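Chemist:
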Amino acid sequence: MAEKLLEIKNLKQHFNVGKANEVRAVDDISFDIYRGETLGLVGESGCGKSTTGRSIIRLYDATSGDVFFEGENVHGKKSKKDLKKFNRKMQMIFQDPYASLNPRMKVMDIVAEGIDIHGLAKNAAERKQMVFDLLETVGLNKEHANRYPHEFSGGQRQRLGIARALAVDPDFIIADEPISALDVSIQAQVVNLLKELQEEKGLTYLFIAHDLSMVKYISDRIGVMYFGKLVELAPAEDLYKNPMHPYTQSLLSAIPLPDPDYERNRVRKSYDPAVHNYAEGEDVRMREITPGHFVQCSEREFESLKATSARI
Amino acid sequence: MEKILQVKDLELSFNTFAGEVKAIRGVNFDLYKGETLAIVGESGSGKSVTTKSIMRLLPENSAEFKNGEILFGGRDLTKLSDKEMQKIRGKEIAMIFQDPMTSLNPTMPIGRQLTEPLLKHQKISKAEAKKVAIDLLRLVGMPKPELRMKQYPHQFSGGQRQRIVIAISLACNPQILIADEPTTALDVTIQAQILELMKDLQKKIDTSIIFITHDLGVVANVADRVAVMYGGKIVEIGTVDEIFYNPQHPYTWGLLSSMPSLDAADEKLYAIPGTPPDLLAPPKGDAFALRSEYAMQIDMEQNPPFFKVSDSHYAATWLLHPDAPRVEPPATVIERMKKFPGSRYYEGSRV
Numbered sequence: 289m290a291e292k293l294l295e296i297k298n299l300k301q302h303f304n305v306g307k308a309n310e311v312r313a314v315d316d317i318s319f320d321i322y323r324g325e326t327l328g329l330v331g332e333s334g335c336g337k338s339t340t341g342r343s344i345i346r347l348y349d350a351t352s353g354d355v356f357f358e359g360e361n362v363h364g365k366k367s368k369k370d371l372k373k374f375n376r377k378m379q380m381i382f383q384d385p386y387a388s389l390n391p392r393m394k395v396m397d398i399v400a401e402g403i404d405i406h407g408l409a410k411n412a413a414e415r416k417q418m419v420f421d422l423l424e425t426v427g428l429n430k431e432h433a434n435r436y437p438h439e440f441s442g443g444q445r446q447r448l449g450i451a452r453a454l455a456v457d458p459d460f461i462i463a464d465e466p467i468s469a470l471d472v473s474i475q476a477q478v479v480n481l482l483k484e485l486q487e488e489k490g491l492t493y494l495f496i497a498h499d500l501s502m503v504k505y506i507s508d509r510i511g512v513m514y515f516g517k518l519v520e521l522a523p524a525e526d527l528y529k530n531p532m533h534p535y536t537q538s539l540l541s542a543i544p545l546p547d548p549d550y551e552r553n554r555v556r557k558s559y560d561p562a563v564h565n566y567a568e569g570e571d572v573r574m575r576e577i578t579p580g581h582f583v584q585c586s587e588r589e590f591e592s593l594k595a596t597s598a599r600i
Numbered sequence: 027m028e029k030i031l032q033v034k035d036l037e038l039s040f041n042t043f044a045g046e047v048k049a050i051r052g053v054n055f056d057l058y059k060g061e062t063l064a065i066v067g068e069s070g071s072g073k074s075v076t077t078k079s080i081m082r083l084l085p086e087n088s089a090e091f092k093n094g095e096i097l098f099g100g101r102d103l104t105k106l107s108d109k110e111m112q113k114i115r116g117k118e119i120a121m122i123f124q125d126p127m128t129s130l131n132p133t134m135p136i137g138r139q140l141t142e143p144l145l146k147h148q149k150i151s152k153a154e155a156k157k158v159a160i161d162l163l164r165l166v167g168m169p170k171p172e173l174r175m176k177q178y179p180h181q182f183s184g185g186q187r188q189r190i191v192i193a194i195s196l197a198c199n200p201q202i203l204i205a206d207e208p209t210t211a212l213d214v215t216i217q218a219q220i221l222e223l224m225k226d227l228q229k230k231i232d233t234s235i236i237f238i239t240h241d242l243g244v245v246a247n248v249a250d251r252v253a254v255m256y257g258g259k260i261v262e263i264g265t266v267d268e269i270f271y272n273p274q275h276p277y278t279w280g281l282l283s284s285m286p287s288l289d290a291a292d293e294k295l296y297a298i299p300g301t302p303p304d305l306l307a308p309p310k311g312d313a314f315a316l317r318s319e320y321a322m323q324i325d326m327e328q329n330p331p332f333f334k335v336s337d338s339h340y341a342a343t344w345l346l347h348p349d350a351p352r353v354e355p356p357a358t359v360i361e362r363m364k365k366f367p368g369s370r371y372y373e374g375s376r377v
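Chains D and H supply the protein sequences, listed in that same order.
Taking the working numbering, I'd label the letters of the first sequence as residues 289 to 600.
Taking the working numbering, I'd label the letters of the second sequence as residues 27 to 377.
#1: Counting only C-beta atoms, is Tyr505/D closer than 7 Å to chain H at any point?
#2: When you compare the CB of Glu591/D with every CB in chain H, is at least one pair closer than 7 Å?
#3: Between the beta-carbon of Thr233/H and the beta-carbon of Arg251/H, is there less than 7 Å?
#4: Work out the CA separation of Tyr348/D and Cys198/H for me, nearest whole Å.
#5: Answer yes or no: does any C-beta atom of chain H fall closer than 7 Å to that of Leu423/D?
#6: Should Arg362/H be labelled buried (16 or more other beta-carbon atoms within 10 Å of its own) or exposed?
#7: Please work out which residues of its chain come closer than 6 Å, Cβ to Cβ, to Glu268/H, disregarding the five sequence neighbours upstream and downstream, and give them in chain order.
#8: Starting from Met502/D, find everything on chain C with Cβ-Cβ shorter than 8 Å and list it in chain order.
#9: Below 7 Å between beta carbons: does that hold for Leu63/H and Ile236/H?
#10: From Arg599/D to Ala350/D, what does the alpha carbon distance come to, in whole angstroms?
#11: Give me the Cα-Cα distance between Arg376/H and Arg370/H, rounded to the nearest whole angstrom.
#12: In the DSSP assignment, what are the bridge partners of Lys29/H?
#13: Which word fits Glu488/D, buried or exposed, when buried means at least 16 other C-beta atoms lie within 10 angstroms of its C-beta?
#14: Going along chain H in order, which residues have a C-beta closer than 9 Å to the C-beta of Val519/D?
#15: Exposed or buried, what is Leu306/H when buried is set at 16 or more other beta-carbons lying within 10 Å of its beta-carbon?
#16: In terms of residue numbering, what span does the beta strand (DSSP E) encompassing Ser352/D cover?
#17: So, helix, strand or coil for Ala253/H, using DSSP?
#18: Assess contact between the stretch 330-341 of chain D and the stretch 507-520 of chain D, defined as three or more Cβ pairs (one per stretch) separated by less than 8 Å. Is contact present?
#19: Helix, strand or coil, according to DSSP, for Ser283/H in the structure here?
#20: Taking only beta-carbon positions, decide if Val377/H is within less than 7 Å of chain D.
#21: Determine, using beta carbons only, whether Thr343/H comes closer than 7 Å to chain D.
#22: Label Val305/D either buried or exposed according to how many other C-beta atoms from any shown protein chain fall within 10 Å of its C-beta, with 16 as the threshold for buried.
#23: Just list the beta strand (DSSP E) runs in the stretch 101-139 of chain H, keeping only unbroken ones of 3 residues or longer that don't cross its boundaries, in chain order.
#24: Would you give the residue range spanned by the alpha helix (DSSP H) that Thr425/D belongs to?
#25: Determine the DSSP secondary structure at Tyr296/H, reduced to helix, strand or coil.
#26: Should Gln444/D go down as buried or exposed, given a rule of 16 or more other Cβ atoms within 10 Å for buried?
#27: What residues from chain D crowd round Asn247/H, counting only those whose CB sits closer than 7 Å?
#28: Just to confirm the assignment, what range does the alpha helix (DSSP H) spanning Val75/H have?
#29: Against chain H, does Ala476/D count as a neighbour if the rule is that its beta carbon must be under 7 Å from one of theirs?
#30: Using 7 Å as the threshold, is the C-beta distance between Lys478/D and Ser284/H below it?
#31: Contact check, Val385/H vs Ile543/D under 8 Å by CB: the rounded distance?
#32: With C-beta atoms as the reference, is Ala577/D less than 7 Å away from Ser558/D?
#33: Determine the direct distance from the alpha carbon of Val335/H to that of Asp349/H, and round the result to whole angstroms.
#34: Leaving out five residues before and five after Glu570/D in sequence, what residues of the same chain have Cβ atoms less than 6 Å from its Cβ?
#35: May I ask you to list the residues that DSSP assigns as paired with Ala89/H?
Here you go:
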């Protein structure tokens, strides 16, 4: 397979360590992201998918574990200069378009902030033109540059967030629920836009979302998280056709599809962690069932999953 | 079927510094007893404004009814005084809002928020109200309701809070329940639970539901009938099967094609080009014409009337005019039409 752009190794992000209310938001997960691919990360709120994204980009200092970007450890000691270089390569689109834009800055300055920090524009005219172009790329127009964030709808704000991320020409973008706040027709525009940009600029995405049909559409591979752990990781097509972990099955059975006949007959499965019936100290970890398809399971489950998938 | 609510020729504008925003431009629909009517459309299409005008929750100093009436129980809601409206709001027509994080009062225990409508609208004692509130919590599937009554909103998860909001809205057994994107902020698994809960409750208390959403999957799940709104108007209305399997308006086609299907291959997703119309200066003809590849000259000049497709199905597009050329809908829509007896692409067995 292609070159590894990012390696996440045994990443742990715990909050309130040592206190009674310790939260293991991300609990020992490992995966790789290849250059040019889109890795989708799905799960319910509180499962740690956003925290994973934030730890990768070092908005949080990881409790333990490593994140390698192009072979360099992101969480190692870094000078300000190194960090700045790294920040330009990795950008983030945030979940909440209401909280992620400074209400006291004009759109022009919000989008140009990265351009200013990294000195990407030679003069004021070029800076302006860059912002105009970026606004157009995300489906807004240049008249919007002089407005403040409160004058925009949630969907438009999210587009501003995307324009801001694109401003520094990054290699890797973490998109944290970038389309949840957008309308269906606009979602399609944004997803197409993200795909086009990916082809044009060879971008790599980590796409965090709970809208599973969109995730499947945009992702090459998908990871499913549950309570801070990665429970399944597989090529997108494979995950939907043949979900192996009972949690993934329950998640897939909960998606409503725009098809009334299907909806009348849809049976929802619910997930109870007790079904695993793991023994004390049983070795539960990610195991590869079929090529590229990993499931978190015990040795015993591994054997039965392998047997089942061999039959198909 | 009994009509419980009639919206007739409703027109509503917001007076802003930039001028008059024509948010609703002639909306007509009926709501029948016990049914779920879904209103779909993008933000700015007027779906929330329509329902908020039924509830009279719009700011009085900027929102202005221009024309039309909202008939409920023989009265026109647009003409009622605030006092009269307060007697209807929360009692006969209740509303569930989109964001369960902000629609509850963070400084009040949920027990008090649950008994508030009961004490306001019904002549019962505090002790009785408390009993009813506990029953309501049990009804929406909240474990240990007695204990939970004393807790504050922040002590509940998003799904639980939405259950509480639903419990509050059901407190007075409303005849109409307006749900404005009630599951948009929730996870799919929680969403599925809430939708199942709403359907169960509807069967139990026989209330009519107006369900606003932009998620067509949810619509397919909950709706009996669907109204598609665009640019302050309803552009197509019909039963859920008619809208999903025999859509007629190009905007409905666009909406249905822009959803990726789980079993579809990796083709490019259809995106409706452009942005919704600016309702400060609404277009003269069909508001969707500028974004539609099916637009004809007349769409730019005249607003299309409703054409009848069946007794329950109407669409406002000139394509249905007898003189209009026959056009091919997008491929994904033709696939849908193949399943619908009565559509021209139907591929069922001919008996």
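Backbone N, C-alpha and C fix where the C-beta goes; we use that ideal spot for every residue, glycine too.
Note that the structure is a prediction, hence the values are computed from the model and not measured.
Modeler: Let me spell this out:
#1: Numbered from its first residue, the first sequence carries residue 505/D at position 217. For Tyr505/D, a Cβ of chain H is located within less than 7 Å of the residue's own Cβ.
#2: Translated into positions along the first sequence, residue 591/D becomes position 303. It does not; no Cβ of chain H falls within 7 Å.
#3: Counting from one through the second sequence, the residue named residue 233/H turns up at place 207. Counting from one through the second sequence, the residue named residue 251/H turns up at place 225. Their beta carbons are not under 7 Å apart, which means Thr233/H does not touch Arg251/H by this criterion.
#4: For this step, residue 198/H is matched to residue 172 along the second sequence. For this step, residue 348/D is matched to residue 60 along the first sequence. Rounded to the nearest angstrom, the two C-alpha atoms are 47 Å apart.
#5: Translated into the one-based positions of the first sequence, residue 423/D becomes position 135. So no, Leu423/D is outside the interface.
#6: Counting from one through the second sequence, the residue named residue 362/H turns up at place 336. Classification of Arg362/H: buried, given that the 10 Å Cβ count is 16 or more.
#7: Taking the first residue of the second sequence as 1, we reach residue 268/H at position 242. Around Glu268/H: His339.
#8: Note that chain C does not occur in the displayed structure, where the protein chains are D and H.
#9: Numbered from its first residue, the second sequence carries residue 63/H at position 37. Numbered from its first residue, the second sequence carries residue 236/H at position 210. The Cβ atoms of Leu63/H and Ile236/H sit closer than 7 Å to each other.
#10: Position 311 of the first sequence holds residue 599/D. Position 62 of the first sequence holds residue 350/D. So the two alpha carbons sit approximately 41 Å from each other.
#11: Position 350 of the second sequence holds residue 376/H. Position 344 of the second sequence holds residue 370/H. Because the pLDDT at Arg376/H is just 42, under 50, the model does not fix this residue reliably, and the value given afterwards should be weighed accordingly. Using only the alpha carbons, I get a separation of about 13 Å.
#12: Position 3 of the second sequence, counted from the start, is the residue given in the question as residue 29/H. BP columns for Lys29/H point to Tyr58/H.
#13: For the purposes of this step, residue 488/D is taken as the residue at position 200 of the first sequence. By the 10 Å Cβ count, Glu488/D comes out exposed.
#14: By one-based count along the first sequence, residue 519/D stands at place 231. Result: empty, since nearest Cβ-Cβ is about 14 Å, beyond 9 Å.
#15: Along the second sequence, read from residue 1 onward, the residue named residue 306/H stands at position 280. By the neighbour-count rule (16 or more Cβ atoms within 10 Å), Leu306/H is not buried but exposed.
#16: Stepping through the first sequence from its first residue, residue 352/D is reached at position 64. Counting along the chain, the beta strand (DSSP E) containing Ser352/D begins and ends at Ser352 to Phe357.
#17: Taking the first residue of the second sequence as 1, we reach residue 253/H at position 227. Ala253/H falls in the strand class under three-state DSSP.
#18: yes
#19: Mapped onto the second sequence, residue 283/H falls at position 257. In the structure shown, Ser283/H sits in a helix (DSSP, three-state: H, G or I).
#20: Residue mapping note: residue 377/H aligns to position 351 of the second sequence, counting from 1. Residue placement at Val377/H cannot be trusted, given a pLDDT of 39 that sits under 50; the coordinates are not used to answer.
#21: Along the second sequence, one-based indexing puts residue 343/H at 317. Output row for Thr343/H: interface = no.
#22: Translated into positions along the first sequence, residue 305/D becomes position 17. Label assigned to Val305/D: exposed.
#23: 119-122
#24: In the first sequence, residue 425/D corresponds to position 137, counting from 1. Residues Ala412 to Thr425.
#25: As a working mapping, residue 296/H is identified with position 270 in the second sequence. The answer is coil: DSSP assigns Tyr296/H none of H, G, I, E or B.
#26: Walking along the first sequence from the start, residue 444/D turns up at place 156. With 16 or more other Cβ atoms within 10 Å, it is buried.
#27: Taking the first residue of the second sequence as position 1, residue 247/H is located at position 221. The answer, in chain order, is Pro544 and Glu551.
#28: Working through the second sequence from its first residue, we reach residue 75/H at position 49. Element bounds for Val75/H: Lys73 to Met81.
#29: As a working mapping, residue 476/D is identified with position 188 in the first sequence. For Ala476/D, the answer is yes, since a Cβ of chain H falls inside 7 Å of its Cβ.
#30: Working through the first sequence from its first residue, we reach residue 478/D at position 190. Working through the second sequence from its first residue, we reach residue 284/H at position 258. Just to set this straight, residue 478/D is Val in the shown sequence, not Lys. The answer is no: Cβ separation not under 7 Å.
#31: Given a span of 27 to 377 for chain H in the structure shown, any question on residue 385/H remains unanswerable.
#32: Taking the first sequence and counting its residues from 1, one reaches residue 577/D at position 289. Taking the first sequence and counting its residues from 1, one reaches residue 558/D at position 270. The question names Ala, but residue 577/D in the sequence shown is Ile. No, these two residues do not count as a Cβ contact at 7 Å.
#33: Against the second sequence, residue 349/H aligns to sequence position 323. Against the second sequence, residue 335/H aligns to sequence position 309. Straight-line Cα distance between these residues: approximately 15 Å.
#34: For the purposes of this step, residue 570/D is taken as residue 282 along the first sequence, with counting starting at 1. Ser586, listed in sequence order.
#35: Mapped onto the second sequence, residue 89/H falls at position 63. Per DSSP, Phe40/H.
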